[in-house]
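Trainee:
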Amino acid sequence: MTDIEQRAHVTLEAYAPRDTQSAMQIAEWLHASGAVDTKNPGATFAVMMQGARFGLDPTSAHRAFFVDTHRKVGVYADALRGLVEASGLCERFDLIEDPSLNDCQRAVFECQRPGRTAVRVGFTQEDAKRAKLWSKSGPWSDYPDRMLIARAAAK
């Protein structure tokens, strides 16, 4: 660890909750600040706890996780890829078919665990149509290539 990394680690530790009470206090502060996109301090706390399972500080947890409309904690697609890659359980997690280069027809990843054969997983425009996502307003119509990538990565 470099000197800068050591200093950053010490600085982050100062803001890490030491127990449930201090975690809830941080959740209340973060929620009140408006710096996180959660509906209440309890949701902020839930995201922080999910992030802590992966070694993330409270603010990084909110860039990786969210609370959905059913009050369940979910993970953003980019964070999912990062967590898988950082876990050491995956040698490769490569986007081999980028939908921005194939008229948003499909996204395909090639993944490989140590000592195993590589596998390919993908999500196509036809898959999205079958799931009634393709014509949905919002991210699917605004960013179809990103949504195909997200769905392929989640497989």
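So the sequence shown is numbered by my numbering: it starts at 2 and just counts up by one.
Think of the CB as a built atom: it goes at the ideal place given N, C-alpha and C, for glycine as much as any other residue.
Since the model is a prediction, treat every value here as computed from it, not as a measurement.
1. Look at residue 66 and residue 37 and say whether their C-beta atoms are less than 8 Å apart.
2. Three-state secondary structure (DSSP) at residue 8?
3. List the residues that DSSP assigns as beta-bridge partners of residue 98.
4. Is residue 39 helix, strand or coil when you go by DSSP?
5. What separation, rounded to the nearest whole angstrom, lies between the Cα atoms of residue 152 and residue 128?
6. Fully enclosed by the segment 48 to 77, which alpha helix (DSSP H) runs are 4 residues long or longer?
7. How many Å lie between residue 70 and residue 84 at the Cα?
8. Compute the Euclidean distance between the alpha carbons of residue 119 and residue 111, then round it to the nearest angstrom.
9. Ignore the nearest five residues each way along the sequence and tell me which others in residue 56's own chain have a CB closer than 8 Å to its CB.
10. Which term fits residue 21, buried or exposed, when burial requires 16 or more other beta carbons within 10 angstroms of its beta carbon?
11. Taking the beta carbon of residue 158 as the centre, do at least 16 other beta carbons fall within 10 Å, making it buried, or is it exposed?
12. Pick from 156, 100 and 117: whose alpha carbon is nearest that of residue 147?
13. Indicate the three-state DSSP secondary structure (helix, strand or coil) for residue 1 in the structure shown.
Mentor: For this structure:
1. Taking the sequence shown and counting its residues from 1, one reaches residue 66 at position 65. Taking the sequence shown and counting its residues from 1, one reaches residue 37 at position 36. Against a cut-off of 8 Å, the Cβ pair of residue 37 and residue 66 comes out as no contact.
2. Working through the sequence shown from its first residue, we reach residue 8 at position 7. Residue confidence for residue 8 is low, a pLDDT of 48 falling below 50, so the modelled location carries little weight; the figure read from the coordinates is stated next. Here residue 8 carries a helix assignment [DSSP, helix/strand/coil].
3. Sequence index remark: in the sequence shown, residue 98 carries index 97 (1-based). According to DSSP, which records beta bridges pairwise, residue 98 is partnered with 109.
4. Taking the sequence shown and counting its residues from 1, one reaches residue 39 at position 38. Coil, per DSSP.
5. Within the sequence shown, residue 152 is the residue found at index 151, counting from 1. Within the sequence shown, residue 128 is the residue found at index 127, counting from 1. The straight-line gap from Cα to Cα measures roughly 10 Å.
6. The qualifying runs are 59 to 65.
7. By 1-based counting over the sequence shown, the position of residue 70 is 69. By 1-based counting over the sequence shown, the position of residue 84 is 83. Within the model, the alpha-carbon separation for residue 70 versus residue 84 is close to 23 Å.
8. Here residue 119 corresponds to residue number 118 of the sequence shown, with the count starting at 1. Here residue 111 corresponds to residue number 110 of the sequence shown, with the count starting at 1. Each residue's alpha carbon lies about 6 Å from the other.
9. As a first step, residue 56 is located in the sequence shown; it is residue number 55 there, counting from the start. Excluding residues up to 5 positions away in sequence, nothing lies with its Cβ nearer than 8 Å to the Cβ of residue 56 in the same chain.
10. On the sequence shown, residue 21 is found 20 positions in, with the first residue counted as 1. Answer is exposed; the Cβ neighbour count stays below 16.
11. Since the displayed the chain opens at 2 and closes at 156, residue 158 lies outside it and no answer follows.
12. Position 146 of the sequence shown, counted from the start, is the residue given in the question as residue 147. Selected option, being the one with the closest Cα: 100.
13. Not covered by the structure: residue 1. The range shown for the chain is 2 to 156.
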